[in-house]
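All remarks here apply to the structure that follows.
Numbering (the UniProt record's numbering), first residue to last: 1 to 207.
Below is the structure:
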């Protein structure tokens, strides 16, 4: 039996990203009056890899505890991402004003010219003169993704192009697109293209 508090917990987590509350969470997770889960997150290669890391933790004692807590939070983030995306798309599309559209494109251009060290969303909203919510909604309506999703996608596109040129190492490419952690870069690259950076460097085609 599903604990009635679970939808409320998810609602509180989603509160910062959407105006919808427990009623919509209940509809997503529950079927009519039955306390039965009706949400089945897609099991992606990234999630499988993360579960393997959880099952095969290399640490012991307190370090193992911290490691597992971090991995569980990462898994939760992966599971929540499609939920948040679905919730954010629930309201009817509102036509953006021409001036707002111009500012959203200006924000996009700023990101494209600063892939290595992009501004935070707060800084970006100040630079283009729109609110946080307007910026996020604008990216969804115009580009079909979140601000972070767009930034990551563009970083990976540039990374793939650089790797295909075979003039730089994987770590050099990662740094050029703003990743100081090679593991995070490799994971993001594989999520987008279905192959690892090393496979791309070797000439393998994207899946």
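Even glycine gets a Cβ: it sits at the ideal position worked out from N, Cα and C.
Note that the structure is a prediction, hence the values are computed from the model and not measured.
Task: Minimum C-alpha distance to residue 156 - residue among 140, 52, 191 and 113 - done: For this step, residue 156 is matched to residue 156 along the chain shown. Of the candidates 140, 52, 191 and 113, the one whose C-alpha sits nearest the C-alpha of residue 156 is 191.
Task: Nearest-angstrom beta carbon gap, residue 110 and residue 138 [assumed within contact, 8 Å] - done: Within the chain shown, numbered from 1, the residue matching residue 138 stands at position 138. Within the chain shown, numbered from 1, the residue matching residue 110 stands at position 110. Contact flag wrong, Cβ pair sits at about 13 Å.
Open item on the list: Once the 5 residues before and after residue 198 are set aside, which same chain residues still bring their CB inside 7 Å of it?
Closed with: As a position in the chain shown, residue 198 is number 198, starting the count at 1. Once the five neighbours on either side are set aside, the close Cβ partners of residue 198 are 170.
Open item on the list: Can you find the residues in the same chain that come closer than 8 Å, C-beta to C-beta, to residue 130, ignoring five residues on each side of it along the sequence?
Closed with: Along the chain shown, one-based indexing puts residue 130 at 130. The residues are 100, 103, 104, 107 and 138.
TODO: Quick one: residues in its chain with C-beta nearer than 7 Å to the C-beta of residue 74, no 5 flanking neighbours on either side, listed in chain order?
DONE: Locating residue 74 in the chain shown gives position 74, where the first residue counts as 1. Excluding residues within five positions, the ones whose Cβ falls inside 7 Å are 50.
- [ ] Within its chain, find whatever has a CB closer than 8 Å to the CB of residue 188; leave out the 5 residues flanking it on each side and keep chain order.
- [x] By one-based count along the chain shown, residue 188 stands at place 188. The answer, listed in chain order, is 152, 155, 156 and 179.
Open item on the list: Can you check which of these residues, 119, 122, 124 and 204, is closest to residue 161 by C-alpha distance?
Closed with: Position 161 of the chain shown holds residue 161. Nearest option by C-alpha distance: 204.
Open item on the list: Please report the straight-line C-alpha distance between residue 184 and residue 95, rounded to a whole angstrom.
Closed with: As a working mapping, residue 184 is identified with position 184 in the chain shown. As a working mapping, residue 95 is identified with position 95 in the chain shown. Each residue's alpha carbon lies about 36 Å from the other.
Open item on the list: For a quick check, are the C-beta atoms of residue 78 and residue 54 less than 7 Å apart?
Closed with: For the purposes of this step, residue 78 is taken as the residue at position 78 of the chain shown. For the purposes of this step, residue 54 is taken as the residue at position 54 of the chain shown. Their beta carbons are not under 7 Å apart, which means residue 78 does not touch residue 54 by this criterion.
Open item on the list: So the candidates are 118, 201, 142 and 147; which of them puts its Cα closest to the Cα of residue 132?
Closed with: In the chain shown, residue 132 corresponds to position 132, counting from 1. Minimum Cα distance to residue 132 is reached at 147.
- [ ] Note down, in chain order, each residue of its chain lying with its Cβ closer than 8 Å to the Cβ of residue 44, except the 5 sequence neighbours on either side.
- [x] Within the chain shown, numbered from 1, the residue matching residue 44 stands at position 44. Taken in chain order, the residues that qualify are 78 and 191.
Task: For residue 54, three-class secondary structure by DSSP - done: Here residue 54 refers to the residue found at position 54 of the chain shown. Residue state, collapsed to three classes: helix.
TODO: Give a yes or no on whether the C-beta atoms belonging to residue 186 and residue 196 are separated by under 7 Å.
DONE: On the chain shown, residue 186 is found 186 positions in, with the first residue counted as 1. On the chain shown, residue 196 is found 196 positions in, with the first residue counted as 1. Yes.
Task: Inter-residue spacing [alpha-carbon to alpha-carbon] between residue 134 and residue 159 - done: Sequence index remark: in the chain shown, residue 134 carries index 134 (1-based). Sequence index remark: in the chain shown, residue 159 carries index 159 (1-based). Computed Cα separation, rounded: 29 Å.
Task: Proximal residues to residue 174 (C-beta, below 6 Å), its chain only, five neighbours per side dropped - done: For the purposes of this step, residue 174 is taken as residue 174 along the chain shown, with counting starting at 1. Hits under 6 Å: 182 and 185.
Task: Rounded straight-line distance, which links the Cα of residue 200 to that of residue 193 - done: Residue 193 sits at position 193 when you count from the first residue of the chain shown. Residue 200 sits at position 200 when you count from the first residue of the chain shown. If you take the alpha carbons of residue 193 and residue 200, they lie about 9 Å apart.
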